[in-house]
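A.B. asks: In my numbering, the protein residues as written are 4 to 596.
Glycine is no exception: its CB is placed at the ideal position from the N, C-alpha and C atoms.
Just dropping this structure here.
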Amino acid sequence: MKRVLLLVAGGRTDIQLLVDAPLGLRRTPVNVQGTSLREFHQFLLSESQQWALDVDAPPPPLESGSVWITRSGSGWQSSHTGVSPFHDESNKLNLCTPKLSSALDVFLLHSELQDWKAVGVLVLNTHRDANSGGRETEQEPVATGPILALAAAHVLGVELVESGAFQPTSETPQSACFNYLSGRDALFFNGRLNPVVLGRLDVFLKTLATSGQFDAVATAMDGGIHQLNDYIVALAQLHFAEVYEIRTPDPVSGTTVPATIVYSSMELPPATLLRLRKMVLGLVQRQDFYGASVMADSVADLPDESGWRHAVKAVNALLSGLPQDTSIIHQNPDFIHFWLDQHLPRCAIQALRVESALARHAIADAVLFTLSFIESAQRDLLELRLRQYFPDARVRINDLTRHIEIAEKNGGGCLRKPAAKRDPVSRNKIVENGYHSIQAEFSSLIQPLAPSQEPCLKKSENRKSIQLEIMTQTKHDARWRDEFIGNEHLSTYFSRLNPAYNDNNKRVTLGHRFVSPKDIRNMLAHSNLSPADLGQIHLEFIRLGIWPEATREAGSCFLAQPEVQAILARCGIESAVQHYQKLVNGLISIILA
Numbered sequence: 004m005k006r007v008l009l010l011v012a013g014g015r016t017d018i019q020l021l022v023d024a025p026l027g028l029r030r031t032p033v034n035v036q037g038t039s040l041r042e043f044h045q046f047l048l049s050e051s052q053q054w055a056l057d058v059d060a061p062p063p064p065l066e067s068g069s070v071w072i073t074r075s076g077s078g079w080q081s082s083h084t085g086v087s088p089f090h091d092e093s094n095k096l097n098l099c100t101p102k103l104s105s106a107l108d109v110f111l112l113h114s115e116l117q118d119w120k121a122v123g124v125l126v127l128n129t130h131r132d133a134n135s136g137g138r139e140t141e142q143e144p145v146a147t148g149p150i151l152a153l154a155a156a157h158v159l160g161v162e163l164v165e166s167g168a169f170q171p172t173s174e175t176p177q178s179a180c181f182n183y184l185s186g187r188d189a190l191f192f193n194g195r196l197n198p199v200v201l202g203r204l205d206v207f208l209k210t211l212a213t214s215g216q217f218d219a220v221a222t223a224m225d226g227g228i229h230q231l232n233d234y235i236v237a238l239a240q241l242h243f244a245e246v247y248e249i250r251t252p253d254p255v256s257g258t259t260v261p262a263t264i265v266y267s268s269m270e271l272p273p274a275t276l277l278r279l280r281k282m283v284l285g286l287v288q289r290q291d292f293y294g295a296s297v298m299a300d301s302v303a304d305l306p307d308e309s310g311w312r313h314a315v316k317a318v319n320a321l322l323s324g325l326p327q328d329t330s331i332i333h334q335n336p337d338f339i340h341f342w343l344d345q346h347l348p349r350c351a352i353q354a355l356r357v358e359s360a361l362a363r364h365a366i367a368d369a370v371l372f373t374l375s376f377i378e379s380a381q382r383d384l385l386e387l388r389l390r391q392y393f394p395d396a397r398v399r400i401n402d403l404t405r406h407i408e409i410a411e412k413n414g415g416g417c418l419r420k421p422a423a424k425r426d427p428v429s430r431n432k433i434v435e436n437g438y439h440s441i442q443a444e445f446s447s448l449i450q451p452l453a454p455s456q457e458p459c460l461k462k463s464e465n466r467k468s469i470q471l472e473i474m475t476q477t478k479h480d481a482r483w484r485d486e487f488i489g490n491e492h493l494s495t496y497f498s499r500l501n502p503a504y505n506d507n508n509k510r511v512t513l514g515h516r517f518v519s520p521k522d523i524r525n526m527l528a529h530s531n532l533s534p535a536d537l538g539q540i541h542l543e544f545i546r547l548g549i550w551p552e553a554t555r556e557a558g559s560c561f562l563a564q565p566e567v568q569a570i571l572a573r574c575g576i577e578s579a580v581q582h583y584q585k586l587v588n589g590l591i592s593i594i595l596a
């Protein structure tokens, strides 16, 4: 048995009058003349002996539309000739609930077929102070909730209770109404739905969901305040595992379409899809590709939205270091192909990450990616120069151990010999190529070959290899770096990130301390920097020339700096700004297509 909560919205047309008309018994919405609708509902609440509730299938609507009733002493009378609000001898008003009756009929039928049991019924109602002012409270149908709760209790055979006493269980199902608007509550605040009211509904439904009394929710939201109905259904979908929607005919128009009950999925209507694309577009324009990708996932199952969604996810995968989805890689648009080149230098993607982080003002990410860019660039340039020294050798930098391996193809076989008997590539090879000035610095990088780190090579490779540890953490390698890597822009830029320890002018001022940018990376990894600290770091990085002044224009932050452009150009990336702008603008175009 599935324990189900029935959630009903009540509004002005949910309670209707049964009237005697020339063609027989009919129903009609309540229209009050000479006073307010609220006064009529107050009468219903206070004079329960003067009206009766019919929970059977309601008759057809009145052919002429609706009937106006007016106050007559302590009762009411029709202003229409030939139409009486009393169709029996009791002189009582007879009420019916056409929407709820249709909803209950389909709910009971579904319960028999699916082994459902209505454990609880909640009618969402509004009952604000009469003197709170405004036309809304004058026309507020305050009796709708209690009367619908009474009708549901009678039809489903559950106990009718006050809202505060609502504690349903499988043994004692209950029906009640819940006033989500009360006191002096306003439905709208500053032109939008009141966040206080939305929060009250959220807490209420969350409490019901966590009570453990319900396996599913069935919502009947054709009545009530239509601006809230979608929000209430979305809240139910958020907090409950299973949500069903009961859709009923319009009781005013008298349509004969039968009521239905369907599983409520998170399918988005066309207008909502357009608004979602607009939000994704805004995130892309701010260069927040991760946020745009997460939001794009909400339409993952809609084939008509797959083109722009795949493009957004492809760009995020590129900048996040994620593998491209092989099922859609052929769908990646042209503007991303440049960045998917497998021979792209390491530092290129890091530069894009810095640009994106600065554009969306993610300072912590920008610090980490900036330092990663410098280290990646140093590897790329070192590898480039080594290939010039050893044009016929395999040059590979091991990013995990921060070592470089060079293996030359000179024939021979597996040479698993003691380290002392090995023949590493001679330092003189560097000298023979004309780099005498770096001989001393380079010699300090040669390391003995450890047997535990020497797997057998293929037979086509002679065991002539060396491993060079990249010495980037100390101040002793400036001359080696300048001459061996051969890029003065990298040296200049790197010196801003690794200044001399006694040069406080080149260090970041953080509170009363002077720290290097690399110290900040450790602080980000091992502690929690405050927003004030991150703001100070941002200003200090600008002062040191590591970052430019903040700007939102694509490619105008990190990639536009001359040093960064020179480093990327040295690594084979020309016009990085233009390529990045093409990436952003291409993504914007495909979202708008």
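For K316, count neighbouring Cβ atoms within 10 angstroms of its own Cβ and tell me buried if that reaches 16, exposed if not.
C.D. replies: When all chains shown are included, K316 counts as buried.
A.B. asks: When you compare only the Cα positions, how much space is there between P273 and S309?
C.D. replies: Cα to Cα, the separation comes out at about 15 Å.
A.B. asks: Is it buried or exposed for M224, if we count other Cβ within 10 angstroms and need 16 for buried?
C.D. replies: Flag for M224 reads buried.
A.B. asks: List the endpoints of the continuous alpha helix (DSSP H) containing R278.
C.D. replies: From DSSP, the alpha helix (DSSP H) with R278 extends over 273-288.
A.B. asks: Which ranges does the alpha helix (DSSP H) cover as unbroken runs of at least 4 residues, wholly within the region 339-384, from first to last along the chain?
C.D. replies: DSSP runs (the alpha helix (DSSP H)) wholly in the region 339-384: 349-362.
A.B. asks: Looking at C-alpha atoms only, which residue of V246, L21, V145 is the closest neighbour of N94?
C.D. replies: Closest option to N94, Cα to Cα, is L21.
A.B. asks: Skipping 5 residues on each side, what residues in its chain have a beta carbon closer than 6 Å to that of W71?
C.D. replies: Correct list, in chain order: N34, Q36, S82.
A.B. asks: To the nearest angstrom, how far is it from the Cα of T263 to the Cα of L151?
C.D. replies: The straight-line gap from Cα to Cα measures roughly 19 Å.
A.B. asks: Give me the DSSP bridge partner(s) of S185.
C.D. replies: Partner(s): H130.
A.B. asks: Distance check for L47 and W54, CA to CA, integer angstroms please.
C.D. replies: In a straight line, the C-alpha of W54 is about 7 Å away from that of L47.
A.B. asks: Excluding sequence positions up to five away, which residues of its chain have a Cβ less than 6 Å from the Cβ of S135?
C.D. replies: Answer for S135: R187, listed in chain order.
A.B. asks: Roughly how many angstroms separate the alpha carbons of Q80 and P88, rounded to a whole number?
C.D. replies: Spanning the two alpha carbons is a distance of roughly 7 Å.
A.B. asks: I need the DSSP call for L190, collapsed to helix, strand or coil.
C.D. replies: Residue state, collapsed to three classes: coil.
A.B. asks: By Cβ distance below 7 Å, which residues in the same chain neighbour D17 in space, the five residues on each side in sequence not counted?
C.D. replies: Closer than 7 Å at Cβ, skipping near neighbours: T100, K102, L103, T147, L151, G226.
A.B. asks: Does the beta-carbon of L284, which I'm using as the reference point, lie nearer than 7 Å to any heavy atom of the ligand ZN?
C.D. replies: Looking at this structure, you won't find the ligand ZN or any other ligand, since it has none at all.
A.B. asks: Please confirm if the region 280-298 is in contact with the region 582-594, defined as three or more CB-CB distances below 8 Å between the two stretches.
C.D. replies: As far as the Cβ criterion goes, the region 280-298 touches the region 582-594, which means the pair count is three or higher.
A.B. asks: Smallest Cα separation from A563: which of A579, R573, G575, R555?
C.D. replies: If we check each option's Cα against that of A563, A579 comes out closest.
A.B. asks: Can you tell me whether R41 is helix, strand or coil according to DSSP?
C.D. replies: Of the three classes helix, strand and coil, the one that applies to R41 here is helix, per DSSP.
A.B. asks: So the alpha helix (DSSP H) N94 belongs to, where does it begin and stop?
C.D. replies: It is not in any alpha helix (DSSP H) - N94 carries neither H nor E in the DSSP assignment.
A.B. asks: According to DSSP, is H479 part of a helix, a strand, or is it coil?
C.D. replies: Unreliable positioning characterises H479 in this predicted model, as indicated by a pLDDT of 41, which lies under 50. The coordinate reading is nonetheless provided below. Three-state result, H479: helix.
A.B. asks: Can you tell me which of A365, A320, A360 puts its alpha carbon nearest to the alpha carbon of L343?
C.D. replies: That would be A320, whose Cα lies nearest to the Cα of L343.
A.B. asks: Do T31 and Q45 have their C-beta atoms within less than 8 Å of each other?
C.D. replies: No, Cβ-Cβ distance for T31 and Q45 is not below 8 Å.
A.B. asks: Can you give me the Cβ contacts of K585 inside the same chain, cut-off strictly under 6 Å, excluding the 5 residues immediately before and after it?
C.D. replies: Counting only Cβ-Cβ distances below 6 Å, and skipping sequence neighbours, we find F338.
A.B. asks: Can you tell me the Cα-Cα spacing of A106 and N232, whole angstroms?
C.D. replies: Near 16 Å, if we compare the C-alpha coordinates of N232 and A106.
A.B. asks: Taking its Cβ as the centre, do 16 or more other Cβ atoms sit within 10 Å of G13, making it buried, or is it exposed?
C.D. replies: Its Cβ being crowded by 16 or more others within 10 Å, G13 is buried.
A.B. asks: Within the region 160-236, note down every full alpha helix (DSSP H) run reaching 4 residues or more, in order along the chain.
C.D. replies: For the region 160-236, whole alpha helix (DSSP H) runs of length 4 or above, ordered along the chain, are 198-213.
A.B. asks: How far does the alpha helix (DSSP H) with I594 in it extend, from its first residue to its last?
C.D. replies: Looking at the DSSP string, the run of the alpha helix (DSSP H) that includes I594 is 579-595.
A.B. asks: In whole angstroms, give me the CA-to-CA distance for L98 and I235.
C.D. replies: One C-alpha to the other measures close to 27 Å.
A.B. asks: In the structure shown, what three-state DSSP assignment does D23 receive?
C.D. replies: D23 falls in the strand class under three-state DSSP.
A.B. asks: Return the chain-ordered list of same chain residues with a C-beta closer than 7 Å to the C-beta of L208, the five sequence neighbours on each side being excluded.
C.D. replies: The residues are L238, A239, H242.
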